[in-house]
Amino acid sequence: MMRKSQALEANALDPMTTHPVMIRKIIWENDDTFTLTLDMSGFAGGFRFLPGQFNMVYVYGVGEAAVSISSDPARPGTLDHTIHRVGLVTTSLAQKKRGDMIGIRGPFGSSWSIDVARGKDICIASGGIGLAPLRPVIYSLLKKREDFGRIIVLYGGRSPLDLLYRVELEKWASDANVEVLVTVDRGDSSWKGHIGVVTSLFQYIKLDARETVAYVCGPEIMMKYTIDELDRRGVPQSQTYLSMERNMKCAVGFCGHCQFGPTFICKEGPVYPLPRVRHLLDRKEL
Amino acid sequence: MFIVELNDLQGLLTALQAGGFTVIGPTVKDGAITFDTLSSIEELPRGWSDVQEAGSYGIRHSEDDTLFSYNVGPHSWKKFLFPARLRLFSARKAGKAFEVDPVSPSAPPKYAFLGVRSCELAAIAIQDKIFMSGPYADKHYTALRKSACIIAVNCVHVGGTCFCASMGTGPRAKDGYDLVLTEIRTDDRHYFVAQMGSPLGKGLLQQVTHREADQKEREQVEKALKAAHDRMGRSLDTHNLPRLLEDNFESPRWEDVAKRCLSCANCTMVCPTCFCSTVEDVTDLSGEHAERWRRWDSCFTTDFTKVAGGNIRMSTRTRYRQWLTHKLCNWVEQFGTYGCVGCGRCITWCPVGIDITAEAAAIRETSMTTTNG
Numbered sequence: 000m001m002r003k004s005q006a007l008e009a010n011a012l013d014p015m016t017t018h019p020v021m022i023r024k025i026i027w028e029n030d031d032t033f034t035l036t037l038d039m040s041g042f043a044g045g046f047r048f049l050p051g052q053f054n055m056v057y058v059y060g061v062g063e064a065a066v067s068i069s070s071d072p073a074r075p076g077t078l079d080h081t082i083h084r085v086g087l088v089t090t091s092l093a094q095k096k097r098g099d100m101i102g103i104r105g106p107f108g109s110s111w112s113i114d115v116a117r118g119k120d121i122c123i124a125s126g127g128i129g130l131a132p133l134r135p136v137i138y139s140l141l142k143k144r145e146d147f148g149r150i151i152v153l154y155g156g157r158s159p160l161d162l163l164y165r166v167e168l169e170k171w172a173s174d175a176n177v178e179v180l181v182t183v184d185r186g187d188s189s190w191k192g193h194i195g196v197v198t199s200l201f202q203y204i205k206l207d208a209r210e211t212v213a214y215v216c217g218p219e220i221m222m223k224y225t226i227d228e229l230d231r232r233g234v235p236q237s238q239t240y241l242s243m244e245r246n247m248k249c250a251v252g253f254c255g256h257c258q259f260g261p262t263f264i265c266k267e268g269p270v271y272p273l274p275r276v277r278h279l280l281d282r283k284e285l
Numbered sequence: 000m001f002i003v004e005l006n007d008l009q010g011l012l013t014a015l016q017a018g019g020f021t022v023i024g025p026t027v028k029d030g031a032i033t034f035d036t037l038s039s040i041e042e043l044p045r046g047w048s049d050v051q052e053a054g055s056y057g058i059r060h061s062e063d064d065t066l067f068s069y070n071v072g073p074h075s076w077k078k079f080l081f082p083a084r085l086r087l088f089s090a091r092k093a094g095k096a097f098e099v100d101p102v103s104p105s106a107p108p109k110y111a112f113l114g115v116r117s118c119e120l121a122a123i124a125i126q127d128k129i130f131m132s133g134p135y136a137d138k139h140y141t142a143l144r145k146s147a148c149i150i151a152v153n154c155v156h157v158g159g160t161c162f163c164a165s166m167g168t169g170p171r172a173k174d175g176y177d178l179v180l181t182e183i184r185t186d187d188r189h190y191f192v193a194q195m196g197s198p199l200g201k202g203l204l205q206q207v208t209h210r211e212a213d214q215k216e217r218e219q220v221e222k223a224l225k226a227a228h229d230r231m232g233r234s235l236d237t238h239n240l241p242r243l244l245e246d247n248f249e250s251p252r253w254e255d256v257a258k259r260c261l262s263c264a265n266c267t268m269v270c271p272t273c274f275c276s277t278v279e280d281v282t283d284l285s286g287e288h289a290e291r292w293r294r295w296d297s298c299f300t301t302d303f304t305k306v307a308g309g310n311i312r313m314s315t316r317t318r319y320r321q322w323l324t325h326k327l328c329n330w331v332e333q334f335g336t337y338g339c340v341g342c343g344r345c346i347t348w349c350p351v352g353i354d355i356t357a358e359a360a361a362i363r364e365t366s367m368t369t370t371n372g
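Chains A and B are the protein sequences, given in the same order. Just so we're aligned: 118 in numbering that gives the first Met the number 0 is position 119 of the first sequence, and the numbers increase by one with no gaps anywhere. Just so we're aligned: 17 in numbering that gives the first Met the number 0 is position 18 of the second sequence, and the numbers increase by one with no gaps anywhere.
Right under this line is the structure:
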């Protein structure tokens, strides 16, 4: 009779132990969002990750938060996390100074598929801090700019002061042939740009829909409308990807918190091809 | 099959103890049959049985002197393999920096579980999948599980809230044990029929006085198990069940059950497959020493799905729906089995007597879709 499955021989990695790393730089992107640059030289060969993956970021004695990686995968010696100050852990992180230590474990989760975009146009649609997990993909695309067609970045923030990575957005537009379209919910006296939700930017671009790959990240409501808009314009669902967020404690599929219907966002996500989750997005309080 | 007389059963415990096992088994404590360390067969609930119904549990003296004439109580084996509280690491301050000491399960207790029922074998197999079969393995669970010895006991008595026959998990222990016993009490005899499930079980049996079972004794086991199968207190129709629940995501029944459900999380605490956990980070007063603890959590707690932008599941309606659809629908896609083994604990220990089998049946009854066929 069979007993004690082969699973008993499963690998014994310990993904639950945090690794102390030093904060090398802190940049305040706006009033409540900041980017921590971490020194990863303690990791042999640096910290390897794929665009779209996330880490569990630990503050000594306080707790952990799941934060997407926002730096360039080709520069594994440092690691950027762009963090919105909102809860206990992120507020503690906001009080950290250069030279302080925090803990990191990861990287976890799935990544944006860049290979599928080779030879195609790319439409990146993001809202708020949703641009952070997409920045590594932009870095990766720009490394091999000639491999891709048009690169369109649609980005929406609450107000002009809330916009992330403003200098870089301008640089991508001027130096790298990236079509950057930015909108805000509310303008101010200095704002000469567009006002409205992210989907309102679609009126300014003409997509070669069947030859376009879309990467979407932002608040869930923004993603839902964006997906509808992409769908309406004929971008195949199989070429549309999005990144989901849920509460996470373990990041390895043990704690149960991040379940989104049949899927664990920490294991199968956070980045999903749209057909995998399309039907789930309409289910309120899933 | 082999026969072990009642008087020789202590030999099994002695063999386990000699093998370095800490023997855990059922015993009467606080008015319930709970799991605790056993040093002798005398500590088993001899002559006790239990009465279970939706929202009610009681033990009483049985009509005979049997050792296993009751069903599962409030404890399950997950309390040993997946402890309710576990330190994941400790850390200490070193100037601006800190150092982390992972807790290594270097010398975990070597457990022998005595009296594991077939539904519980199924539950352990399910938790094996969760904690040991993915890209990551939980090292604490793995260490405890690898060294555990399982002595199962077939259920020849079934309880009022049992429905293992519906879930295909009992009452006969099919696999996942080292040794399985069936207790037989007739007017003049009291013995156990033993079957081996592993070399460890074989080795244990060799240390206990036993003999080959005869034809009549074999038939006795089949008869007893058949009778148990036919006397299940509850049943759950699993025909097309995942699809039925998929199609009834907005069933009015969720609102109905939410009016009764207290969101107390009892069902998830007693469930032998529920695996959700959270973590707590603490420091001592000086801040020089920090620890991270894992503890059981429940999808019924208010901040379970809290994210920066708000809370995903805001009502009891959606929390109960998450729990039931996880057990009977999403689990199948996640792990290839139902997350329910039909043990009935959630029904018995629900303070208001909510019955998962009744809720599933009500959804089936009110379903407007063709999956109800």
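Note that CB positions come from ideal geometry on N, CA and C, so glycine has one too.
Heavy atom of the ligand SAH within 7 Å of residue i beta-carbon
i, result
"Leu-80 (chain B)", "Absent from the structure shown: the ligand SAH. Ligands present: none."
Cβ-Cβ distance between residue i and residue j below 8 Å
i, j, result
"His-18 (chain A)", "Arg-97 (chain A)", "no"
"Tyr-343 (chain A)", "Ala-193 (chain B)", "No statement about residue 343 (chain A) is possible, as the shown extent of chain A runs from 0 to 285 and does not include it."
"Gly-53 (chain A)", "Gly-108 (chain A)", "It should be pointed out that residue 53 (chain A) corresponds to Phe in this sequence rather than to Gly. Taking 8 Å as the Cβ cut-off, Phe-53 (chain A) and Gly-108 (chain A) qualify as a contacting pair."
"Thr-336 (chain B)", "Ser-262 (chain B)", "no"
"Phe-253 (chain A)", "Ser-103 (chain B)", "no"
"Pro-134 (chain B)", "Cys-154 (chain B)", "no"
"Leu-178 (chain B)", "Met-195 (chain B)", "yes"
"Leu-327 (chain B)", "Leu-244 (chain B)", "yes"
"Thr-267 (chain B)", "Trp-322 (chain B)", "yes"
"Gly-158 (chain B)", "Gly-94 (chain B)", "no"
"Ile-353 (chain B)", "Arg-259 (chain B)", "yes"
"Thr-21 (chain B)", "Lys-77 (chain B)", "no"
"Pro-269 (chain A)", "Ser-237 (chain A)", "no"
"Leu-5 (chain B)", "Tyr-190 (chain B)", "yes"
"Ala-53 (chain B)", "Ile-362 (chain B)", "no"
"Thr-81 (chain A)", "Leu-163 (chain A)", "yes"
"Ser-242 (chain A)", "Pro-132 (chain A)", "yes"
Cβ-based burial, residue i [other Cβ within 10 Å; buried from 16]
i, result
"Glu-221 (chain B)", "exposed"
"Leu-153 (chain A)", "buried"
"Gln-202 (chain A)", "exposed"
"Ser-70 (chain A)", "buried"
"Asn-247 (chain B)", "buried"
"Gly-286 (chain B)", "exposed"
"Ile-137 (chain A)", "buried"
Simplified DSSP state of residue i, which is helix, strand or coil
i, result
"Val-115 (chain B)", "strand"
"Met-55 (chain A)", "strand"
"Gly-105 (chain A)", "strand"
"Gln-206 (chain B)", "coil"
"Leu-12 (chain B)", "helix"
"Met-221 (chain A)", "helix"
"Phe-79 (chain B)", "helix"
"Val-88 (chain A)", "helix"
"Ile-40 (chain B)", "helix"
"Arg-144 (chain A)", "helix"
"Ala-43 (chain A)", "coil"
"Asp-79 (chain A)", "strand"
DSSP bridge partner residues for residue i (one or two, in chain order)
i, result
"Cys-216 (chain A)", "A:Ser-125"
"Trp-27 (chain A)", "A:Phe-33"
"Lys-92 (chain B)", "B:Phe-97"
"Phe-73 (chain A)", "The question names Phe, but residue 73 (chain A) is Ala in the sequence shown. Its beta-bridge partners do not exist; DSSP assigns none."
"Ala-31 (chain B)", "B:Lys-28"
"Met-15 (chain A)", "Answer is none; Met-15 (chain A) lacks a bridge partner."
"Thr-21 (chain B)", "B:Tyr-110"
"Glu-287 (chain B)", "For Glu-287 (chain B), which the question treats as bridged, DSSP gives no partner whatsoever."
"Arg-59 (chain B)", "B:Ser-48"
"Ala-64 (chain A)", "A:Val-56"
"Ser-242 (chain A)", "A:Val-270"
"Met-21 (chain A)", "A:Asp-38 and A:Met-100"
Residue i at chain E interface by Cβ criterion, 8 Å
i, result
"Thr-16 (chain A)", "Protein chains in the displayed structure are A and B, and chain E is not among them."
Segments of 3+ residues assigned as beta strand (DSSP E) that fall wholly inside the segment 256–280 of chain A: 270–272
If we require 3 or more residues per run, which beta strand (DSSP E) segments fall completely within the segment 113–141 of chain A? 120–126
Which runs of the beta strand (DSSP E), 3 residues or longer, sit entirely within the segment 233–282 of chain B? With a minimum length of 3 residues, the continuous beta strand (DSSP E) runs that stay inside the segment 233–282 of chain B are 276–282.
At 4 residues or longer, what runs of the alpha helix (DSSP H) sit wholly inside the segment 291–365 of chain B? 315–324, 330–334, 344–347 and 355–365
Unbroken beta strand (DSSP E) runs of length 3 or more, entirely within the segment 119–155 of chain B: which are they? 148–152
Could you give the uninterrupted runs of the alpha helix (DSSP H) lying entirely in the segment 160–227 of chain B, keeping only those of 4 residues or more? 163–166 and 198–205
Where are the alpha helix (DSSP H) runs, 4 residues long or more, that stay fully inside the segment 151–238 of chain A, in chain order? 165–174 and 219–231
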